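*Asks:* Okay, handing you the structure first.
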Amino acid sequence: MLKLQTVVSCAIVTLAVLLSANKVLGDEPATQRGSSPTQATRVEFTAFDQTRQAYYEYAPKPLDPTRPLMLFIALHGHGSNADQIFSGAYAEFNATLDAAADNNGIVIAPEYRPTTSWMGPEAEKDVLQIIEEQKSKRKFAIVVISGGSMGGSSALTFTALHPELIDGVVAMNPTANHLEYDKFQDAISESFGGTKQEIPLEYKARSAEYFPERFLNVPTAITLGSKDVVVPPDSARRFAAVLEKIGGKVLCIERSDLDHTTQYPEARRAFQFVVDAISQARAQ
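Below, the structure written as structure tokens:
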């Protein structure tokens with residue numbers, strides 16, 4: 001049983017019972033648990049700066065031509081690469097694959113300048129190019145961008161910069177404010193092209209908290225851990241509160257017993273919220 005308490009716009013979830021029968025919370029089967037990116041198609045392309053970049057493309061289930069086609073963009077975390085999405089070791093990405101399987105989706109896992117991307121200008125241009133290429137191949141009805149940690153932060157950043165390209169966002173354990181965030185600054189300054197003292201407007205432009213109005217037509221789900229010290233939840237919590245106040249469709253789930261991680265049930269709930277909100281908006 002879960003006890004729920006609403007604080008601002010985040011549902012603070014306190015785990016009362018960890019075990020149910022013989023199943024541990026967060027250990028549900030996933031479509032691709034234990035798989036590897038070799039089961040996906042690696043696509044290489046020449047980026048704007050003439051470097052060779054790559055992403056993985058994968059359909060968890062055969063596509064149904066009678067249903068709307070969805071594109072799920074999955075962004076890996078700091079110090080990793082696109083392999084993380086398919087490793088089976090992360091509940092966040094198991095949930096991503098399962099959400100795609102349930103919703104007639106293709107999963108795209110960009111490298112986006114690994115391993116310390118943070119959605120700087122080069123990574124942003126790569127993702128723009130990937131979306132354009134994907135849309136030239138298939139007629140996608142819905143585009144959802146998601147990720148965990150650095151990937152969750154980057155999903156918010158990309159949407160703040162290009163809300164017209166994104167229909168929904170699932171950001172797990174993200175920061176929404178790069179001017180405030182103080183971890184991994186060497187990697188972020190390299191990615192962004194300078195320190196926050198040198199180019200503060202670049203850091204502001206990549207901070208979703210300053211642009212909640214750009215998410216008004218983009219259903220957004222955020223998952224947080226109250227004990228997270230790697231990417232503290234404060235900015236994402238504030239962002240969700242403001243987005244809710246101005247009329248955005250937002251779900252913010254915060255687990256009081258977790259640090260820098262999201263468990264499978266909360267990740268699946270986040271994806272379902274976004275998919276349902278998009279469907280409801282289009283049915284009106």
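Residue numbers (our numbering): 1 to 284.
In this text, a Cβ means the ideal position worked out from N, Cα and C, and glycines have one as well.
All values reported here derive from a predicted model rather than from experimental measurement.
Taking 6 Å as the limit between beta carbons, can you name the residues of its chain near T195, skipping five residues before and five after?
*Replies:* Cβ within range, chain order: S189.
*Asks:* Among I106, P232, I145 and A89, which one has its Cα closest to the Cα of K137?
*Replies:* If we check each option's Cα against that of K137, I106 comes out closest.
*Asks:* Over what stretch of residues does the alpha helix (DSSP H) that includes Q286 continue unbroken?
*Replies:* Because the chain here runs from 1 to 284, residue 286 falls outside it and cannot be looked at.
*Asks:* In whole angstroms, what separates the C-alpha of A109 from that of F45?
*Replies:* Taking the straight line joining both Cα atoms gives about 14 Å.
*Asks:* Since I believe G148 is in contact with E92 (beta carbons under 8 Å), could you give me their beta-carbon distance rounded to a whole number of angstroms?
*Replies:* About 4 Å separates the two Cβ atoms, so the contact holds.
*Asks:* Just to confirm the assignment: which complete beta strand (DSSP E) runs, minimum length 3, are found wholly within the region 90 to 161?
*Replies:* Segments of the beta strand (DSSP E) lying fully in the region 90 to 161: 105 to 110 and 142 to 148.
*Asks:* Verify whether the separation of the beta carbon atoms of D182 and K227 is less than 8 Å.
*Replies:* Against a cut-off of 8 Å, the Cβ pair of K227 and D182 comes out as no contact.
*Asks:* Going by DSSP in three states, I85 sits in which element: helix, strand or coil?
*Replies:* Helix.
*Asks:* Check this for me: beta carbons of A270 and A205, under 8 Å apart or not?
*Replies:* Result no, Cβ atoms of A270 and A205 do not sit closer than 8 Å.
*Asks:* Could you tell me the distance, in whole angstroms, from the CA atom of C10 to the CA atom of D49?
*Replies:* Spanning the two alpha carbons is a distance of roughly 41 Å.
*Asks:* Starting from V170 and walking both ways along the beta strand (DSSP E), at which residues does that stretch end?
*Replies:* Where V170 is concerned, the enclosing beta strand (DSSP E) stretches over G168 to M172.
*Asks:* Return the CA-CA distance between G34 and Y264, expressed in angstroms with no decimal places.
*Replies:* Note on G34: pLDDT 43, under 50, position unreliable in the model; no value is reported.
*Asks:* Of the choices C252, M70 and L75, whose alpha-carbon is the least far from that of Y55?
*Replies:* The shortest C-alpha separation from Y55 is found at L75.
*Asks:* Looking only at DSSP bridge pairs, what is L75 linked to?
*Replies:* L75 is bridged to G147.
*Asks:* Buried or exposed: K249, going by 16 or more other Cβ atoms within 10 Å of its Cβ?
*Replies:* Buried is the call here.
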